[in-house]
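Read the structure below first, then the notes.
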Amino acid sequence: VKGLEEIAGLSEIVEDGDTFAANAQKKALTVARHSGCLTLADDSGLVVEALQGEPGVYSARYAGPKASDADNNRKLLASMSGLPRGQRQAAFHCAMALCTPSGDCRLFEGRLQGLILEAPQGSGGFGYDPLFLVPEYGKALAELPLEIKNRISHRGEALRKTLAYLQQR
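Below, the structure is given as structure tokens:
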């Protein structure tokens, strides 16, 4: 297993796809072709129904290209100001692409359903975790222990699907 920092001569890969799947596949395929290795890459983000899917593929830069997590959270709260609980449905989405250097790619997806809170709760995690309520636990992701978060997360689900595929090969 190699990280991106271990692959010499690789330029930054611009995430310009319209979907998480497109971005994940672009990253995995680019690295696979450059490195000659089987490559796994993901793209993940938050999708809010009441905002017609925003922040979506722009989750990390929702409030602008150099926005912090706090900036993105403020923008999300402002965009949803006044919406009742019944209109605050959201989901974290993850698309993982596994690509060979020859261009064969497989896609695995995960999703975590929840609601956007009206104010941050908890101090764990990152990104939108303090605003994302997991109804089954009655807590924000930022309040959940890492063990639970890893078990229920969108990335965890996508990775488990990827591992199951690899074990069948």
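Using this note's numbering, you'd call the opening residue of the sequence shown number 87 and step up by one each time. Note that the Cβ used here is the ideal one computed from N, Cα and C, for glycine as well.
Using three-state DSSP, classify residue i as helix, strand or coil.
i, result
"Arg255", "coil"
"Phe178", "strand"
"Phe106", "helix"
"Leu96", "coil"
So residue i and residue j are in contact, right, with Cβ under 8 Å, and what is the actual spacing, rounded?
i, j, result
"Asp155", "Gly208", "Not a contact, Cβ separation roughly 13 Å."
"Val117", "Gly131", "Contact doesn't hold; Cβ gap of about 20 Å is too wide."
In whole angstroms, what separates the C-alpha of residue i from that of residue j?
i, j, result
"Gly224", "Arg246", "25 Å"
"Ser167", "Pro216", "16 Å"
"Glu101", "Glu222", "33 Å"
"Leu278", "Asp128", "In the structure as shown, the chain begins at 87 and stops at 255. Residue 278 is therefore absent and cannot be evaluated."
"Gln111", "Gly89", "17 Å"
Can you tell which of the options has its C-alpha closest to the C-alpha of residue i?
i, options, result
"Gln175", "Ala181, Thr186, Ile202, Asn158", "Ile202"
"Ala94", "Ala108, Ala228, Gly142, Arg119", "Arg119"
"Ala250", "Arg192, Pro187, Ala153", "Arg192"
"Leu198", "Ala146, Thr186, Val220", "Val220"
If I follow the unbroken beta strand (DSSP E) through residue i, where does it start and stop?
i, result
"Asp215", "Element bounds for Asp215: n/a, residue is neither H nor E."
"Ile202", "191-202"
In the DSSP assignment, the alpha helix (DSSP H) including residue i goes from what residue to what residue?
i, result
"Ser165", "155-165"
"Leu126", "Careful: Leu126 lies outside any alpha helix (DSSP H), inside the beta strand (DSSP E) at 125-134."
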